[in-house]
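Residue numbers (my numbering): 257 to 619.
The following block contains the structure:
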């Protein structure tokens with residue numbers, strides 16, 4: 257495989273777009289990710305697969321599909337470390353106005369992603385993230401994840417595409433913004449080390465979102481920047497993925513503290529905890545009351561409240577198909593899924609309070 261440690265002489269043109277795909281043993285998925293980039297209505301000028309400690313055929317397959325390969329050297333910091341090495345290699349060859357797209361190897365961008373993202377940039381927008389949807393498969397567990405992702409996309413539309421997180425599945429940066437992030441880290445205005453992506457965070461994309469916003473830029477996720485990504489096939493894998501996401505989000509807030517940028521994220525976490533606790537109290541009350549006194553009977557008021565809740569649940573997943581609408585209307589599967597999410601939240605919070613170390617687990 258060609259290794260991209262020489263100067264990237266493929267780069268030319270007025271405004272250049274470079275795509276980086278960090279990959280660790282992704283031979284089964286890397287071809288689809290690369291082909292998704294070549295199908296863009298605004299194709300990248302260079303696609304680089306960042307082969308991080310690979311022991312399979314990821315690099316060879318990448319080259320066969322027209323990508324260049326950058327092999328990391330001595331990286332022990334997972335995805336963030338791999339990206340830092342690749343960005344440090346490519347960024348000196350880019351002007352401030354040029355663009356860098358970072359996407360996961362298990363993700364395929366829709367054909368209009370790049371064109372939509374480029375059209376979203378202005379002087380106030382520092383980065384444009386994807387709107388992620390789940391791939392097919394995975395049975396009921398996969399469907400529940402796809403429903404969750406559709407609700408996130410629905411919420412993004414309702415807020416005008418303001419990104420809550422610059423998702424690792426696909427985000428485009430101005431080269432100038434990445435240089436500013438690195439400079440701010442070196443000056444101590446941002447934590448996370450002295451490179452581009454934080455090496456201290458379990459969720460480098462969530463931390464990067466806060467870094468970009470702290471520097472005064474907007475982060476956007478327009479509907480046209482849709483991506484299709486992997487869903488976790490088992491509860492065990494989903495548990496490790498969500499525990500990393502949740503613990504990482506909490507640790508990032510702890511490290512940043514209360515600021516004008518993080519205030520909204522703190523409130524979201526507080527509301528999440530209040531909702532989880534309220535749900536558990538409600539379930540405990542209903543089980544206890546029914547056990548001691550029998551079914552409480554029909555209440556027009558609470559039935560009406562429940563119907564509003566069901567309508568909101570079903571409407572928000574209507575684009576996921578009739579199966580998703582049916583599952584939302586049944587309520588019970590999603591209630592169990594919510595309990596799972598609440599367990600993740602409280603486990604993460606307890607680990608943070610105990611200051612226990614959360615290890616990165618591949619999913």
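Heads up, the beta-carbon is just placed ideally off N, CA and C, and yes, glycines get one too.
### Task
With a 10 Å radius around its C-beta and 16 neighbouring C-beta atoms as the bar for buried, classify residue 284 as buried or exposed.
The count along the chain shown starts at 1 and reaches residue 284 at position 28. The residue in question, residue 284, is exposed, as its Cβ has fewer than 16 Cβ neighbours within 10 Å.
### Query
Are the C-beta of residue 335 and some C-beta of chain B separated by less than 8 angstroms?
Here chain B cannot be found, since the structure has a single protein chain.
### Query
With 16 other CB atoms within 10 Å as the buried threshold, where does residue 305 fall?
Residue mapping note: residue 305 aligns to position 49 of the chain shown, counting from 1. Buried, by the Cβ-count rule.
### Message
To the nearest angstrom, how far is the alpha carbon of residue 458 from that of residue 494?
### Response
Taking the first residue of the chain shown as 1, we reach residue 458 at position 202. Taking the first residue of the chain shown as 1, we reach residue 494 at position 238. If you take the alpha carbons of residue 458 and residue 494, they lie about 16 angstroms apart.
### Query
Relative to the C-alpha of residue 622, which residue among 280, 463, 376 is closest?
Since the first residue shown for the chain is 257 and the last is 619, residue 622 is missing from the structure and cannot be characterised.
### Query
In terms of residues, what are the limits of the beta strand (DSSP E) holding residue 623?
Residue 623 is absent from the structure shown; the chain starts at 257 and stops at 619.
### Message
What does the alpha-carbon distance come out to for the pair residue 405 and residue 437?
### Response
Translated into the one-based positions of the chain shown, residue 405 becomes position 149. Translated into the one-based positions of the chain shown, residue 437 becomes position 181. The alpha-carbon atoms of residue 405 and residue 437 are separated by roughly 29 angstroms.
### Task
List the DSSP bridge partners of residue 276.
Residue numbering aside, residue 276 sits at position 20 when the chain shown is read from its first letter. DSSP output for residue 276 lists 304, 358 as bridge partner(s).
### Query
For residue 463, does the count of other Cβ atoms within 10 angstroms reach 16, so buried, or fall short, so exposed?
Residue 463 sits at position 207 when you count from the first residue of the chain shown. Its Cβ being crowded by 16 or more others within 10 Å, residue 463 is buried.
#### Entry: Closest residue to residue 579 among 503, 387, 393, 605 (Cα-Cα distance)
Taking the first residue of the chain shown as position 1, residue 579 is located at position 323. Closest option to residue 579, Cα to Cα, is 393.
### Simplified DSSP assignment, three categories, for residue 484
Here residue 484 refers to the residue found at position 228 of the chain shown. Residue state, collapsed to three classes: strand.
### Message
Can you give me the C-alpha to C-alpha distance between residue 366 and residue 356, rounded to a whole angstrom?
### Response
Here residue 366 refers to the residue found at position 110 of the chain shown. Here residue 356 refers to the residue found at position 100 of the chain shown. Rounded to whole angstroms, residue 366 to residue 356 spans 17 angstroms at the Cα level.
#### Entry: Selected residue, minimal CA-CA separation from residue 409, among 377, 530, 482, 327
Looking up residue 409 in the chain shown gives position 153. Checked all of 377, 530, 482, 327; the closest Cα to residue 409 is 482.
### Query
With C-beta atoms as the reference, is residue 338 less than 8 angstroms away from residue 325?
The residue labelled residue 338 in the question sits at position 82 within the chain shown. The residue labelled residue 325 in the question sits at position 69 within the chain shown. No; because the gap between Cβ atoms is not below 8 angstroms, this pair is not in contact.
### Query
Quick one: Cα of residue 257 to Cα of residue 286, how far?
Sequence index remark: in the chain shown, residue 257 carries index 1 (1-based). Sequence index remark: in the chain shown, residue 286 carries index 30 (1-based). Reliability of the predicted coordinates at residue 257 is poor, the pLDDT of 41 falling under 50, and no value is obtained from them.
### Query
With distances taken from CA atoms, which of 559, 577, 593, 477 is nearest residue 418?
Translated into positions along the chain shown, residue 418 becomes position 162. Taking only the C-alpha atoms, the option nearest residue 418 is 477.
### Query
What do you get for residue 352, buried or exposed, if any count of 16 or more other CB atoms within 10 angstroms of its CB means buried?
Residue mapping note: residue 352 aligns to position 96 of the chain shown, counting from 1. The residue in question, residue 352, is exposed, as its Cβ has fewer than 16 Cβ neighbours within 10 Å.
### Message
In this structure, how does DSSP classify residue 601 when only helix, strand and coil are distinguished?
### Response
On the chain shown, residue 601 is found 345 positions in, with the first residue counted as 1. Helix.
### Nearest residue (CA-CA) to residue 298, options 469, 312, 271, 532
As a working mapping, residue 298 is identified with position 42 in the chain shown. It is 271.
### Query
From the DSSP output, which residues share a beta bridge with residue 586?
One-based indexing of the chain shown puts residue 586 at position 330. Beta-bridge pairing links residue 586 to no other residue.
### Beta-carbon proximity of residue 603 to residue 499, cut-off 8 angstroms
Numbered from its first residue, the chain shown carries residue 603 at position 347. Numbered from its first residue, the chain shown carries residue 499 at position 243. Yes, they are a contact pair.
### Task
Could you spell out where the alpha helix (DSSP H) holding residue 538 opens and where it closes?
For the purposes of this step, residue 538 is taken as the residue at position 282 of the chain shown. That run of the alpha helix (DSSP H) goes 519-549.
### Query
Can we say the segment 569-583 touches the segment 369-381, given the rule of at least three CB pairs closer than 8 angstroms?
no
### Message
Check this for me: beta carbons of residue 385 and residue 475, under 8 angstroms apart or not?
### Response
Reading the chain shown from its first residue, position 129 is the one you call residue 385. Reading the chain shown from its first residue, position 219 is the one you call residue 475. Cβ atoms of residue 385 and residue 475: closer than 8 angstroms.
### Message
Taking its Cβ as the centre, do 16 or more other Cβ atoms sit within 10 Å of residue 396, making it buried, or is it exposed?
### Response
What you label residue 396 is simply residue 140 of the chain shown in a count that begins at 1. Answer is exposed; the Cβ neighbour count stays below 16.
### Query
Is it right to say residue 503 is buried, meaning 16 or more other beta carbons lie within 10 angstroms of its own, or is it exposed?
Taking the first residue of the chain shown as 1, we reach residue 503 at position 247. Buried is the call here.
### Message
Give me the DSSP bridge partner(s) of residue 428.
### Response
Along the chain shown, one-based indexing puts residue 428 at 172. Paired residues: 357, 384.
### Message
Please list the terminal residues of the continuous beta strand (DSSP E) segment that includes residue 396.
### Response
As a working mapping, residue 396 is identified with position 140 in the chain shown. Segment 395-414 is the alpha helix (DSSP H) holding residue 396; no beta strand (DSSP E) there.
### Task
Would you mind giving the Cβ-Cβ distance between residue 359 and residue 275, rounded to the nearest angstrom? I have them listed as a contact below 8 angstroms.
The sequence position of residue 359 within the chain shown is 103, counting from 1. The sequence position of residue 275 within the chain shown is 19, counting from 1. The Cβ separation is near 7 angstroms, so the contact holds.
### DSSP state of residue 299 mapped onto helix, strand, coil
Here residue 299 corresponds to residue number 43 of the chain shown, with the count starting at 1. Looking at residue 299 - three-state DSSP - the assignment turns out to be coil, as it is neither helix nor strand.
### Task
In angstroms with no decimal places, state the Cα-to-Cα distance between residue 584 and residue 568.
Looking up residue 584 in the chain shown gives position 328. Looking up residue 568 in the chain shown gives position 312. About 9 angstroms.
### Task
List the whole-angstrom C-beta distance separating residue 590 from residue 400, where the pair is believed to meet the contact cut-off of C-beta under 8 angstroms.
Sequence index remark: in the chain shown, residue 590 carries index 334 (1-based). Sequence index remark: in the chain shown, residue 400 carries index 144 (1-based). About 7 angstroms separates the two Cβ atoms, so the contact holds.
### Query
Short check: CB of residue 525 to CB of residue 509, under 8 angstroms?
On the chain shown, position 269 is the one that residue 525 refers to. On the chain shown, position 253 is the one that residue 509 refers to. Taking 8 angstroms as the Cβ cut-off, residue 525 and residue 509 qualify as a contacting pair.
### Reduced DSSP category for residue 504 - H, G, I as helix; E, B as strand; rest coil
In the chain shown, counting from the first residue as 1, residue 504 sits at position 248. Here residue 504 sits in helix by DSSP.
### First and last residue of the uninterrupted beta strand (DSSP E) at residue 573
Taking the first residue of the chain shown as 1, we reach residue 573 at position 317. Looking at the DSSP string, residue 573 is not in any beta strand (DSSP E), and its letter there is neither H nor E.
### Task
Let me know if residue 542 comes out buried or exposed under the rule of 16 or more other beta-carbons within 10 Å of its beta-carbon.
The residue given as residue 542 occupies position 286 in the chain shown. Counting Cβ neighbours within 10 Å, residue 542 comes out exposed, since fewer than 16 surround it.
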